[in-house]
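Reading through the structure tokens given below for one structure.
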Amino acid sequence: MSNTASPRIAIIGGGPGGLVLLNVLARRGIAATLYERDESPAARGQVGSCLDLHKGSGQDAIKGAGLYDEWLKASRAEGEERIVTDKTGVAIIHHRPAATGKPEIDRKILRQLLVDGAPTGSIKWGHTFVSAAPVGDAWEVSFADGSKVTADLVVGADGGRSRVRPLVSDAQIVHTGWTTVELAFDSRAQPDLAARLGSGTFFAIDEHKRIVAQFTGDARIHIGATFPAPESFVVPVDNAAAAKSLVLAQFEGWAPWLRDLIACAEDGTIHQRPLTILPVGHTWPHKKGVTLIGDAANLMSTFAAAGANIAMLAGLELGQALATASPGRWDEHVAQFEVKMCRIAGEAAAQSDKNMKEVLGDGGAQMFAARVKRNLLKLGIEPYVG
Ligand SMILES: Cc1cc2nc3c(=O)[nH]c(=O)nc-3n(C[C@H](O)[C@H](O)[C@H](O)COP(=O)(O)OP(=O)(O)OC[C@H]3O[C@@H](n4cnc5c(N)ncnc54)[C@H](O)[C@@H]3O)c2cc1C
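Residues 1 to 386, numbered by our numbering, are exactly what the sequence shown covers, in order.
Right under this line is the structure:
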């Protein structure tokens with residue numbers, strides 16, 4: 001069956017990368033099945049809160065998935081507001097919304113758009129990939145519930161802790177020395193605090209630490225508090241009071257209202273995400289019938305806001321590579337896709353790594369504000385500096 005014009009395709013993971021791939025293939029009349037461990041699209045909060053899709057990556061991918069108009073309708077231009085402060089909480093830069101062409105979309109809305117765009121029955125929820133073993137020219141894929149399917153091409157779109165990755169690569173994820181704790185609260189319960197944050201993304205950066213606050217369309221505020229911590233550092237997320245006091249201890253001496261962003265988090269909203277990455281420039285020798293996209297292939301730090309955009313671009317590129325393969329040549333196209341995508345993702349990962357080291361290193365808020373300003377000027381927008 002291998003190398004027929006239409007391989008049986010099993011996509012593992014329904015994050016932005018896997019879902020874009022499924023949609024791109026469907027728009028081109030190619031059947032595929034996506035297996036996702038979540039029980040339903042609403043099963044859990046996605047990491048982070050909203051995303052801006054970049055031209056040349058996320059926006060191209062959503063176009064290729066045939067969902068551009070739906071994405072535009074669901075995006076929020078006001079989400080582009082940017083405020084950067086240091087630990088005093090006084091703005092170094094305050095950019096009010098203008099047409100940067102990069103509106104924000106809530107992650108859960110983006111996921112629902114991509115799920116709704118996929119052919120009926122093409123997503124199998126509640127399927128946790130466990131292993132895949134070669135059977136002739138194909139792969140037998142096993143799931144935690146004991147079910148099995150046979151596929152000619154297995155696509156690992158299962159995120160940073162990918163279980164598909166070991167089929168092609170020995171690379172291990174590396175801890176960067178920082179951890180992020182995510183927390184959230186309803187802005188309507190804290191109007192004074194909410195008013196300080198603008199309506200887009202707020203950054204307070206100092207002392208090698210960062211607090212990010214982002215609104216979602218449902219008026220909730222999502223906080224990401226990042227600070228240096230070893231891999232062994234565990235935040236007791238199930239005990240909100242203990243977790244918050246541990247995080248607050250990292251931000252001693254920061255403006256009281258910045259500390260309140262942590263203190264007023266609601267129970268049940270606290271998650272710890274150690275900042276881990278794959279080695280920058282990760283590649284693997286091509287192996288017939290298995291490939292990787294998104295974080296599974298190129299997990300990078302969040303400091304270029306690029307990971308989801310790159311995952312979506314990889315979904316687009318792989319979908320196009322398969323769609324344009326002449327009969328019997330799909331595996332060659334997958335190999336070419338891997339070379340191209342690893343180069344693009346490698347550049348993004350290097351940029352992200354550099355940004356992380358600058359911002360959490362000695363550069364701090366001043367350097368980050370200067371970068372925000374440069375990026376806006378590149379788009380022809382004069383930011384307001386407060
Ligand atoms: C705090 C934070 C903020 C971020 N901000 C941004 C940003 O502003 N812009 C940006 O572009 N990127 C951002 N990123 C990065 C972005 O979230 C990721 O790069 C992106 O989600 C990767 O998409 P993916 O589809 O490769 O994987 P994921 O989104 O991780 O999706 C993987 C999917 O696979 C499923 N899965 C996992 N294991 C299995 C299994 N064994 N079997 C079946 N299914 C499985 C998971 O349930 C999940 O649905 C941020 C990340 C974090 C942590």
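C-beta atoms are modelled at their ideal positions from N, C-alpha and C, and glycine is treated no differently. This structure is a prediction, so every number in the text was calculated from the model and none was measured.
How far does the alpha helix (DSSP H) with residue i in it reach, from first residue to last?
| i | result |
| --- | --- |
| Lys357 | 330-358 |
| Asp170 | Asp170 -> no alpha helix (DSSP H), and no H or E assigned at all. |
| Val436 | An answer regarding residue 436 cannot be provided, because it is not within the stretch 1 to 386 covered by the chain. |
| Asp218 | Note, Asp218: premise wrong, no alpha helix (DSSP H); not H, not E. |
Would you call residue i buried or exposed, if buried means 16 or more other Cβ atoms sit within 10 Å of its Cβ?
| i | result |
| --- | --- |
| Leu377 | exposed |
| Ile9 | buried |
| Asn298 | buried |
| Val234 | exposed |
| Ser199 | buried |
| Asn355 | buried |
| Asp238 | exposed |
| Thr120 | exposed |
| Val339 | exposed |
Thinking C-beta only, is residue j closer than 8 angstroms to residue i?
| i | j | result |
| --- | --- | --- |
| Thr216 | Arg82 | no |
| Leu292 | Arg161 | no |
| Ala189 | Thr269 | no |
| Glu252 | Ile223 | no |
| Tyr68 | Phe129 | no |
| Asp52 | Ala335 | no |
| Gly89 | Ala204 | yes |
Flag residue i as yes when its Cβ comes closer than 7 angstroms to any non-hydrogen atom of ligand 1, and as no otherwise.
| i | result |
| --- | --- |
| Arg37 | yes |
| Pro41 | no |
| Glu182 | yes |
| Phe129 | yes |
| Thr179 | no |
| Gly159 | yes |
| Pro16 | yes |
| Thr302 | yes |
| Asn309 | yes |
| Gly200 | no |
| Ala133 | no |
| Ile9 | no |
| Gly294 | yes |
| Leu421 | Past the edges of the chain, shown from 1 to 386, lies residue 421, and the structure says nothing about it. |
Leaving out five residues on either side along the sequence, give the residues of the same chain with a beta carbon under 6 angstroms from the beta carbon of residue i.
| i | result |
| --- | --- |
| His54 | Asn309 |
| Leu153 | Pro7, Ile9, Gly289 |
| Met300 | Ile277, Gly307, Ala349, Ser352 |
| His333 | Ala321, Ala325 |
| Gln250 | Phe227 |
I want to see whether chain B comes within less than 8 angstroms of residue i, judged by CB atoms only; does it?
| i | result |
| --- | --- |
| His94 | In summary, chain B is missing from the structure at hand, where a single protein chain is found. |
Leaving out the 5 sequence neighbours to the left and right, which residues in its chain are closer than 7 angstroms to residue i when beta-carbon positions are compared?
| i | result |
| --- | --- |
| Gln46 | Reliability fails at Gln46, whose pLDDT of 49 lies under 50, so the model's placement of it is uncertain and no value is given. |
| Pro41 | Arg111, Gln112, Val115 |
Since residue i is in the beta strand (DSSP E), which residue starts that stretch and which ends it?
| i | result |
| --- | --- |
| Glu140 | 138-143 |
| Asp362 | Premise fails: Asp362 is in no beta strand (DSSP E) and is neither H nor E. |
| Asp267 | Neither: Asp267 is in no beta strand (DSSP E) and is coded neither H nor E. |
Does ligand 2 have even one heavy atom less than 7 angstroms from the beta-carbon of residue i?
| i | result |
| --- | --- |
| Arg27 | Ligands present in the displayed structure are limited to ligand 1, and ligand 2 is not among them. |
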